[in-house]
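Listed in order, the protein sequences are those of chains A and B.
Counted from 1, the first sequence has number 7 at position 3 by the working numbering; the numbering is strictly sequential.
Counted from 1, the second sequence has number 428 at position 319 by the working numbering; the numbering is strictly sequential.
Each residue gets a CB set at the ideal place from its N, CA and C atoms; glycine is no exception.
The block underneath contains the structure these notes are about, expressed in C-alpha cells.
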Amino acid sequence: MVRLNINGEDREIDVDPDTPLLWVLRDELQMTGTKFGCGIAACGACTVHLDGTPVRSCQTMASDAEGMSIVTIEGVDGKAAKAVQAAWRDLDVPQCGYCQSGQILAATALLAETPKPSDEDIDMAMSGNVCRCATYTRIRAAIHRAAETMEG
Amino acid sequence: MLHMMQRLQQQAIRPTRRSFLKMSAVAAGGLVIGSHLPFSPARAAAGAGDDMFTPFVRISTDGIVTVLNKHLDMGQGNATGLATLVAEELDAAHGQMRAEFAPADVERYKNLAFGMQGTGGSTAIANSFEQYRKAGATARAMLVAAAAEAWGVPVAEITVSGGRISHASGKSAGFGEFAEAAAKLEVPAEVTLKSPDRWVYIGKSFPRLDVPNKTVGAPRTYGMDVQRDNMLVAVLTRPLAFGAKVKSFEASAAKAVKGVVDVIEVPGHGVAVLATSTWPAIKARDLLEIEWDETGAETRSSDALYAEYREMAEADGPVFRDDGDVAAALEGAATVVEETFQFPYLAHGMMEPMVLTIHVEGDRATLWYPSQFQTVDQGTAAAVLGIPQENVTIETLYGGGSFGRRTSPDARHIVELATIARLWGKSQPIKLVYTREDDTRAGYYRPMGVHKVRAGLDADGNLVGWHHRIVQQSLMTGTLFEQYMVHDGIDETSVEGVKDASYAIPAFKGELHSPKVGVPVLWWRSVGHTQTGYVVEAMIDKAARAASADPLAFRRRHLEKPSGDAARDKDNVRKLGVLNKVAEMAGWSGPVNGDRFRGIAVHKSFNTYVAEVAEVSRRDDGTFKVENVWCAVDCGIAVNPDNVKAQMEGGIGYGLAAVLFSEITLTDGHVDQLNFDTYRPLRIDEMPRVEVEVLASAEAPSGAGEPGTPPVGPAVANAILAATGEVPATLPLTNHGLA
C-alpha cells in the first residue's frame, strides 16, 4: 500500500512499494497521459513533477514519492503551464504527440524557474526529452513564445 | 514506407485467403491453422446511421462534422489533412470539424493506391484528394437540398459559408438543424468540386485537429492507453538470435511475482508472461530462465555480413538499369571516381513501442491499436484464430510514431498476440506490450546495405558513365507483395532512387545483389531512398570535386541537359525548381562559408521533390555539428502547407539521427542495442535550425511524410566532404569521429 498526493488529491493504492510511479499512474489510476517510452529514464516521456521538479516516473518508486506533491499532465496548471500548452497549440507542435506530455511538463518546470530562457537554457532543460518525430524546432519556438506571453 | 506507387495504382493488390494463411502459417511457426475459413472483404458496418452522408462524413444534430479517416495517423497529420479536404467542399468551419479512424472495411476504406486498407508510401493525401473532397461536396449538396425543401426556395439561391447555410430572405441555419433530414435524401450521383481559386482551406491554413488532445494527455488516444475490464497484460520474450527456438524454460520465480497469472510458451515466438498489469509482467519476465536452440538461426555478426556484402559488391549481379555502354564510357573517361558505401540496419525507434490489445469472444475478435494495414492485420488475425475475417473488428487508435514499423507483410505483431490469445483460450482482453528493449531487438529493421559506384567524367567535367552496384536484403521477396514489387530478381524498393536517377549521364548501369539474411527487414521512413539518395548525391559531389566544379553548378548542368528520357527530363524541371529555391534561401555561394561548410542535395521520392542545404561547423575535437538546414519542397498542391513544413522539419531530424548516431549491429546474431542509451536518438541540442519553403504548384498532391528524410544525409555528407576532402562513406558518422 502506498499513499500518494496526485494533482492535489490524496490516493491510497494497493501496489508493491517498488512499483514505478509510472505504472501506478497508468495501470492503477488509469491516468494514461504520462507515457511509457523507455523505462530507463533515457527519453523523458514519463516526466511528472515531484514538488515542482521534473522527474522520470519510470525510475521513481511509488514509495519514494510518498509525502511529496505529484503533478501529472492531467493536473498541471498555473501561469507557466497555461502559457506552454497554449503555445504548443498555436504552433501545432505535436506530430505523433506521444512524447509531448513529458515535453510540456519539462518546459513548464523550466519556465517556472527561468521565465525568460535562452536557447542554452532550453537545451539544458529539454535535452532529456526525446522526440522521434523531431518536433524540436517547434518545441524551442513554443517555449520562447510561452515566455513572451507570460511576460505580457 | 510502404511503397507500391504507380504500379499498384493501376493494379490493385487483391490478397487471397491463401496468401494470408501462407504468411501466417510461416509466421506462427507451425501452429495448425484451420483451412476452412472463407475469405471475403469485411462488411462491418461503418457506423452507418441516419447521419452518415458517405462512408467518410458524419454530421450530428449539434453540427459537429466527423471525418472518418481511412488511414492511420502516426504523427504525419493525415487526420487533419483529410478533414481539410472535407471542410473545404462542405464550407464548414474549422471548429466544428472532428477526425475519427474508420473501422477495418476494405471495400469502403481501401487505400486507392494499394487496393487494401492501409497507410504508407506517403499516399494518404494523394489517394484521398478527390475522394474526400467529393465526400464533402456530397454532404454539402444534401444539406443544401434539405434546407431548400424546408425553406421552400430553389437550391441555387442557397449559400454555405463557415458552417452556416443561408438564403437571401434572411433564413439561416447550422448544419445540425438539417443533418437528419439531409441524410435521408438520395445521395447525388455527381457533384461539382470547387475550382482551386475558391479554396479557403486547401493550400492555406487548417490547424491540426489532434493537437489539443495531445497537449493535455487525453485518455484513450494511443494503443498504449487501452484499458479493458478484466484485461491481462502480456510481455513476450523473443529469442536473442532471429530464428532461434525455445529449448526449455524455468518460470517458477516469474510465476511467484504478485500479479502474474501464467507463463506460457508461444511456439515459434518465445515465452510470454501474462499478468494483471504491466509492471508485474515486466518484472517477472526478467526472472525467466530460457534456454534457446539456435540451430538454423541467424548467427552471423555485422562485421561478417559487411565483409560478405563488400565482396558481392565486386561481382556482377542482376541488372536493373542499363543505358549505353558503361564499360566503354568508364574506359574512355578522363577521370574515374569510385567509392564503396556502407549502411547499417536501423530500428524505427518510434516513441510509443509496439503495442496492441485483443479480445476474442467465441468466433469474434476485436483489436484496439494503431493499425497501419487493417486488411492484412484482419486477415492475419482471422487466420490465426480460425474465424471468418469479417468477424475481426479493428478499432484504430493514434500511433505514437511508426515510420513504417506498425505494419509488416507478415503482420508478426498480430500473429504473436492472436497466438497468445488462442493459447490462453479464455475470453479475456489481452494487451501485448513491447518494452523499449523488445522494440529495439525485435528486428524489422531498415536493411543494411553496401553500394559501390564508379563514375566517369570527360575532360570537360561532364559525367559520361555511372556504374552502380547495390547489395541489400530484399524487403518484398517472400511476402504478399513479391509478385508486384519484385521482377526478375529486382526488388523495386532496393533500387528506387538509383533506377530513376535523372542526371544526364549517357551510360548508366545498375546491378543488385539481394543476399538472404535471417534478420527480418522492413520499410523505414522513405524505404530505399535513405540509402540510394545518400549514395547518388554524395557521389555527385565527389564527381563535382574531381571536376573542380561548384556542387550546385555541377548539378544544374547535369539536370538542364536532356537526359534521354522524357520522365527524367520532367523530374529534372522540378528538381531544378527546388534546387534553385534552396540555393536562394541559403544564399549559396559555394561549399565553404567562412568557418562553416555546406553541402547540398536534391532527391525525388514518393513523387515529391526536395532539396536541402546543410551547414556544419567543426568542433575542436574534429567532430561536426549540424547548425542549419534549409529545405525547399515541391509536393504538388500542398493541402496543409504548415503540416508539410512540419513533416520536412521532422523528416530532417529523423534522418539526421540515423546519419549521425544510429545503428543496429549484431554479435553472433544477437542484437547489440537495447534502449535509447545505445540506440542513440537526436536530442534538442543536436537539432539544427531548419527553414522550409513549400513551392507553389498546381500538380497533383504527392507525399510529405517521407520525402524530407533522404536529402539530409547527403547534404551533411557533402558539407563534411567540403571540410575534409573525404566523402563519409560508412554510417553512422559517430563511429568515425565525425559526429
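Under the three-state DSSP convention, the category residue i falls into
| i | result |
| --- | --- |
| B/Phe663 | helix |
| A/Cys159 | With chain A running from 5 to 156 in the structure shown, residue 159 of chain A is simply not present. |
| A/Tyr102 | coil |
| B/Thr268 | strand |
| B/Phe482 | coil |
| B/Asn689 | helix |
| B/Arg152 | Residue confidence is low: B/Arg152 scores 29 on pLDDT, short of 50, so the model does not pin down where it sits. Its coordinate-derived value is still stated next. Three-state DSSP puts B/Arg152 in coil, outside helix and strand. |
| B/Asp858 | Outside the displayed range of chain B (110 to 848) lies residue 858 of chain B, so it cannot be described from this structure. |
| A/Leu95 | coil |
| A/Ile143 | helix |
| B/His378 | coil |
| B/Gly285 | helix |
| A/Gly43 | coil |
| B/Val836 | coil |
| B/Ile599 | strand |
| B/Lys354 | strand |
Proximity to residue i [Cα-Cα], best of the options
| i | options | result |
| --- | --- | --- |
| B/Asn178 | B/Ala208, B/Gln640, B/Arg167, B/Met557 | B/Ala208 |
| B/Thr717 | B/Glu420, B/Ala747, B/Phe733 | B/Ala747 |
| B/Trp477 | B/Cys744, B/Leu181, B/Lys303 | B/Leu181 |
| A/Gly12 | A/Ala45, A/Thr76, A/Ala49 | A/Thr76 |
| B/Phe706 | B/Asp794, B/Pro316, B/Asp548, B/Ala824 | B/Ala824 |
| B/Glu295 | B/Met251, B/Met206, B/Val595 | B/Met251 |
| B/Ala246 | B/Glu198, B/Asp334, B/Ala327 | B/Glu198 |
| B/Lys219 | B/Phe450, B/Gln483, B/Tyr454, B/His522 | B/Gln483 |
| A/Val80 | B/Lys243, B/Gly326, B/Ala211 | B/Gly326 |
| B/Pro376 | B/Trp388, B/Ser357, B/Pro389 | B/Ser357 |
Whole-Å CB distance - residue i paired with residue j, under 8 Å assumed
| i | j | result |
| --- | --- | --- |
| A/Gln89 | A/Cys135 | Not quite, the Cβ-Cβ distance comes to about 16 Å (not below 8 Å), so this is no contact. |
| B/Tyr554 | B/Leu631 | 7 Å |
| B/Ala741 | B/Val687 | 4 Å |
| B/Met340 | B/Lys535 | With a Cβ gap of about 12 Å, B/Met340 and B/Lys535 do not count as contacting. |
| B/Pro518 | B/Thr588 | 3 Å |
| B/Trp575 | B/Ala564 | 5 Å |
CB contact check: residue i to chain B, cutoff 8 Å
| i | result |
| --- | --- |
| A/Asp14 | no |
| A/Ser131 | yes |
| A/Asn11 | no |
| A/Thr153 | no |
| A/Glu78 | yes |
| A/Val75 | no |
| A/Gln63 | no |
| A/Cys42 | yes |
| A/Pro98 | yes |
| A/Cys50 | no |
| A/Val6 | no |
| A/Ala46 | yes |
| A/Ile108 | yes |
| A/Arg60 | no |
Interface flag, residue i vs chain A, CB-CB below 8 Å
| i | result |
| --- | --- |
| B/Trp388 | yes |
| B/Phe315 | no |
| B/Ser128 | Confidence is the limiting factor: at B/Ser128 the pLDDT is only 47, short of 50, which leaves the residue's position unreliable and the question unanswerable from this model. |
| B/His112 | Here the model assigns B/His112 a pLDDT of 43, short of 50, so the residue's position is not dependable, and the following value carries that caveat. B/His112 does not count as touching chain A. |
| B/Ile773 | no |
| B/Val370 | no |
| B/Arg483 | Contrary to the premise, residue 483 of chain B reads as Gln rather than Arg in this sequence. By this cut-off, B/Gln483 is not an interface position. |
| B/Ile234 | no |
| B/Met694 | no |
| B/Thr489 | no |
| B/Val135 | The predicted model places B/Val135 with a pLDDT of 34, which falls under 50 and marks its position as unreliable, so this point remains unresolved. |
C-beta neighbour in chain E for residue i, strict 8 Å
| i | result |
| --- | --- |
| B/Gln782 | This model lacks chain E altogether, as its protein chains are A and B. |
### Query
For the 8 Å Cβ check, are there 3 or more pairs between the stretch 644-656 of chain B and the stretch 697-714 of chain B?
yes
### Task
Would you check if there are 3 or more beta carbon pairs closer than 8 Å linking the stretch 395-407 of chain B to the stretch 345-362 of chain B?
yes
### Task
Would you check if the stretch 218-230 of chain B and the stretch 247-259 of chain B touch, i.e. whether three or more CB-CB distances between them fall below 8 Å?
no
### Inter-stretch contact at 8 Å, needing at least 3 Cβ pairs: the stretch 373-392 of chain B / the stretch 568-583 of chain B
no
### Query
Quick one: any contact between the stretch 797-807 of chain B and the stretch 751-767 of chain B, if contact means 3 or more CB pairs under 8 Å?
yes
### Query
Is the stretch 265-279 of chain B close to the stretch 298-308 of chain B, with three or more CB pairs under 8 Å?
no
### Message
Could you check whether the stretch 728-743 of chain B touches the stretch 663-676 of chain B, counting it as contact only if at least three pairs of C-beta atoms, one from each stretch, sit closer than 8 Å?
### Response
no
### Sufficient close CB pairs (3 or more, under 8 Å) joining the stretch 767-779 of chain B to the stretch 462-474 of chain B
no
### Query
Okay, do the stretch 311-321 of chain B and the stretch 274-288 of chain B touch, 3+ Cβ pairs below 8 Å being the bar?
Output reads no: the stretch 274-288 of chain B does not touch the stretch 311-321 of chain B.
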